[in-house]
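Accompanying notes for the structure given below.
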Amino acid sequence: MNRSGGDLTVGPRWGGAALLRAGVLAFAGSIGVTDAHAHHAVQIIAATTAFTVLDEHGARLRGTTVVVPADAPHRVEVGAEEGTVVFLDPESAPGRSAHLRAVRSGWTVTPVPSFTRRRALAIAVDELIAHLAPATAGDGVAPRHSAIDDALRLLPDLVAAGPVSGTELAARVGISASRLTHVFTEQVGIPLRRYVLWSRLQVAITRVQAGDDLTGAAHGAGFADSAHLTRTTREMFGLPPSVLSRHVSWDLDGTG
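Numbered as in our numbering, the sequence shown ends at 256 without a single skipped number.
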């Protein structure tokens, strides 16, 4: 990707298909411009044609691949007609890997698998995660602890009911809170508290897709109000819930 100056034209609007699973939000379609912002998720952008990202130092990065580290100010100045954007929780194994590669090697030289419209988004995401954190995707992984299976079964109802207490969840599945915290992160690939946050986002998007307004979706997902939901999505992804729901066709189990 080359650095360049000069006037640049605005590209297409955001629109396409997306999937959401714990620790991963992935989007495939047309990539639009954004205002200057920073978000907590690590962002990987890959497109079939060149796009332009303005980094926190004012340098224009133009090319077909960029990895934005967690919490790094930037903006998409020129979009692309076809591409893929993947947001990874920086506390997950693949998110940590992508963040460290970008910090150590630069935003534009971090290798990522290519994405094309001919490949299913879920498959591309699986390959990306295996590429970034192969130990989490390999065969021969030890069987999951029964307490983790129990926790995963309980969490949807707990998330819908309101705040989730790790101590109470641990008691319900029969292990200590510290043990649950350790094993959950190890076997699910993301800390429990982050898993709960992503679960709330999934519930909120599901409710918006079903016709709820943002206030109803926020309350149904356990957020304090629509402002809390909006603040969370902006902090995580740099986009408001309205953009994430209105122009995108969602796969909310991450398998399509």
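Virtual Cβ for every residue (Gly too), placed ideally from N, Cα, C.
Let's see if you can read the secondary structure: which residues bound the alpha helix (DSSP H) around residue i?
i: Thr232; result: 226-237
i: Gly166; result: 166-173
i: Thr181; result: 177-188
i: Leu152; result: 146-161
i: Leu252; result: No alpha helix (DSSP H) contains Leu252, which DSSP labels as neither H nor E.
i: Ala120; result: Run containing Ala120: none; DSSP gives neither H nor E here.
Hey, could you find the ends of the beta strand (DSSP E) residue i is sitting in?
i: Ser92; result: Note, Ser92: premise wrong, no beta strand (DSSP E); not H, not E.
i: Arg75; result: 74-78
i: Ser261; result: Residue numbering for the chain in the displayed model covers 1 to 256; residue 261 lies beyond these limits and cannot be assessed.
i: Ala46; result: 42-55
i: Gly16; result: 15-21
i: Thr64; result: 60-68
Let me confirm a value: residue i is counted as buried when at least 16 other C-beta atoms fall within 10 Å, else exposed. Which label applies?
i: Arg144; result: exposed
i: Ser199; result: buried
i: Gly89; result: The sequence as given places Asp at residue 89; Gly does not occur at that position. Buried, because 16 or more other Cβ atoms sit within 10 Å of the Cβ of Asp89.
i: Thr233; result: buried
i: Ile44; result: buried
i: Arg259; result: What is shown of the chain runs 1 to 256, which leaves residue 259 out entirely.
i: Ser242; result: exposed
i: Ala204; result: buried
i: Ser146; result: exposed
i: Ser245; result: buried
i: Arg207; result: buried
i: Arg13; result: exposed
i: Asp139; result: At Asp139 the pLDDT is 46, less than 50, meaning the model places this residue with poor confidence; the figure from the coordinates comes in the next sentence. Its Cβ having fewer than 16 others within 10 Å, Asp139 is exposed.
i: His57; result: exposed
i: Arg193; result: exposed
i: Thr167; result: exposed
i: Ser105; result: exposed
i: Ala46; result: buried
i: Gly211; result: exposed
i: Gly23; result: buried
i: Pro69; result: buried
i: Ala161; result: exposed
i: Ala281; result: Limits of the chain in this structure are 1 at one end and 256 at the other, which puts residue 281 out of reach.
i: Ser97; result: buried
i: Ala311; result: Residue 311 falls outside the range modelled here, since the chain spans only 1 to 256, and no answer is possible.
i: Ala224; result: exposed
Under 8 angstroms by Cβ, that's how I've got residue i and residue j pegged, so tell me the actual separation to the nearest angstrom.
i: Ala50; j: Arg60; result: About 11 angstroms separates the two Cβ atoms, so there is no contact after all.
i: Thr52; j: Gly238; result: The Cβ separation is near 16 angstroms, so there is no contact.
i: Val86; j: Leu128; result: 6 angstroms
i: Leu252; j: Gln202; result: 6 angstroms
i: Val173; j: Asp150; result: 4 angstroms
i: Trp265; j: Val66; result: Outside the modelled stretch of the chain, which goes from 1 to 256, sits residue 265, for which no answer is possible.
i: Val196; j: Leu155; result: 7 angstroms
Shorter than 7 angstroms, the distance from the beta carbon of residue i to the closest heavy atom of the ligand ZN, or not?
i: Ser30; result: The ligand ZN is not part of this structure, which contains no ligands at all.
I'd like to know whether the C-beta of residue i is nearer than 8 angstroms to at least one C-beta of chain C.
i: Ile123; result: Protein chains in the displayed structure number just one, and chain C is not present.
**Q.** Whole runs of the beta strand (DSSP E) within the stretch 190-231, excluding any shorter than 3 residues
**A.** none
Q: Decide if the stretch 72-80 is in contact with the stretch 173-190; the criterion is three or more beta carbon pairs, one per stretch, under 8 angstroms apart.
A: no
Q) Taking one C-beta from the stretch 189-203 and one from the stretch 89-99 each time, how about it: are there three or more such pairs within less than 8 angstroms? A) yes
**Q.** Meets three-Cβ-pair contact criterion under 8 angstroms: the stretch 215-235 and the stretch 122-129
**A.** no
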